[in-house]
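Those letters in the sequence shown? Residues -16 to -1, 1 to 310, by mature numbering (1 follows the signal peptide of the UniProt record, and there is no 0).
All residues carry an ideal CB built from backbone N, CA and C; glycine is no exception.
Only a predicted model underlies this, so the values are computations on that prediction, with no experimental measurement involved.
What follows is a single structure, written as structure tokens, with notes after it.
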Amino acid sequence: MLRAAWLVALAAASSAAAPAERDGGAAPRRASLPRNVRPSLGAALALRGGARGHDMLQQQAKVALQQAKVARSALPRDVSAALSTGALSLDELRNYLAIRNSPFLRALAAISPFVRDRLIANPRLASVIAIETLLGIATLLAAEVGARGDRLLAEVDFVVCDLALVVATNIALVMALSPAARICAPPSRGRSAVASLPATFLQPGAFSAAQRLACFVINAARFGAIGIASSALGASATKALVMAREQITGRAPDVQLAPVLSTALAYGAFVAASSSTRYQLVNAIEASLLPRLPHGTGALSAALRLGNNYVGSLMWIWWARAFGVQ
């Protein structure tokens, strides 16, 4: 429809300009066009400008693919379609090509489109996951050694269970805050509104205050759900191990286990209120500070996240005591 309006406008302009050109005069300005044509002409010109930008993106993408020695036909269908429509930016295409060249990142991206799209949008995602996982393992092992003491080896099954849970939870929390490349099919209206929100409430960009507030609330809800699920799973696994030990040894457990439901709800509330806010602040600091530094970004990120884990551990102790689950 815009194309038809544009053609009508050009025809009107040509017919008006013909006498002037024959008389040696200048072509009429846009103001001489009929009023009902002017808005359509403006929209058509804007459409042409967008088309030029799209063509430029396609040319740049072609050059990037040639430099990487990757044929357009070798791209996954959804990636190629997103590139054709302009949903995939040039930087994201380059990130995807870098993922293809790394066996480790390629294996991660092959897990699911959910993981792949976040790796494409955030090249540091793999290193952030590694840092969070190592910090989680180190802090948990220190806590396990202090709490279990001489019983550490005898209760190694509990330790392994806790480690697996911490690793899975940390990965889920990092993924929940990571932005994603918009490669998949266009979502429904509700999902599209959520997709337009920033990944964190302090993410740079032209986002309104309402969008940032909605982002904060949604991330808190996501974190809370992950916290409830991980706590319930961990407590249930621990309870199952204790019952299995009791059947094998015939001895009752030395300590009373915390109730599963109340602990899970308390931990979910803590993760929603505290962890979500802290992780979003960490992501904002990294996004604004790390790109400006030429070196040492990995060490700075590790130190920042170590401090976040330490503060979070202290806050959880206070929180758990306040809710009476410890």
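| Item | Value |
| --- | --- |
| Note down the Cα distance separating A221 from R61, rounded to an integer number of angstroms. | 41 Å |
| Which residues in the same chain as S259 place their Cβ atom closer than 8 Å to its Cβ, once the five residues preceding and following it in sequence are excluded? | L157, F207, G211, G296 |
| Indicate the three-state DSSP secondary structure (helix, strand or coil) for V201 in the structure shown. | helix |
| Could you pull out every unbroken alpha helix (DSSP H) segment of at least 4 residues lying fully inside the region 223 to 257, listed in chain order? | 244 to 254 |
| Please classify Y294 as buried or exposed, where buried requires at least 16 other C-beta atoms within 10 Å of its C-beta. | exposed |
| Between which two residues does the alpha helix (DSSP H) containing I83 stretch? | 74 to 85 |
| Do T153 and S86 come within 8 Å of each other at the CB atom, strictly closer than that value? | no |
| Under a three-way DSSP split, which group does P97 fall into? | helix |
| Helix, strand or coil for R19? Go by DSSP, reduced to three states. | For R19, the predicted structure reports a pLDDT of 48, less than 50, and the residue's modelled location is therefore unreliable. A value from the coordinates is still provided. Reduced to three states, the DSSP call for R19 is coil. |
| Please state whether DSSP places G296 in a helix, a strand or coil. | helix |
| According to the neighbour-count rule (16 or more other Cβ atoms, all chains shown, within 10 Å of its Cβ), is W303 buried or exposed? | buried |
| Would you say A165 and L72 are within 8 Å of each other, going by their C-beta atoms? | yes |
| Look at the alpha carbon of L41 and the alpha carbon of G70, and state the distance between them as a whole number of angstroms. | 7 Å |
| If I'm right that A198 touches L181 with Cβ under 8 Å, what's the distance once you round it to whole angstroms? | 6 Å |
| Confirm, please, whether the CB-CB distance from L89 to L149 is below 8 Å. | no |
| Report back the beta-carbon spacing between I155 and T117 to the nearest angstrom; my notes put them in contact at under 8 Å. | 7 Å |
| Thinking C-beta only, is Q187 closer than 8 Å to A268? | yes |
| Helix, strand or coil for I301, going by three-state DSSP, please let me know. | helix |
| For I167 and A66, which I take to be in contact (beta-carbon distance under 8 Å), what is that distance rounded to the nearest angstrom? | 4 Å |
| Excluding the 5 residues flanking Q264 on each side, which residues of the same chain have their C-beta closer than 8 Å to its C-beta? | L161, T184, F185, L186, F200, N203 |
| Closest to A219 by CA distance: which of A193, T247, V178, S192 is it? | T247 |
| So, with DSSP's three-state summary, where would you put F191? | coil |
| When you compare only the Cα positions, how much space is there between A286 and R78? | 26 Å |
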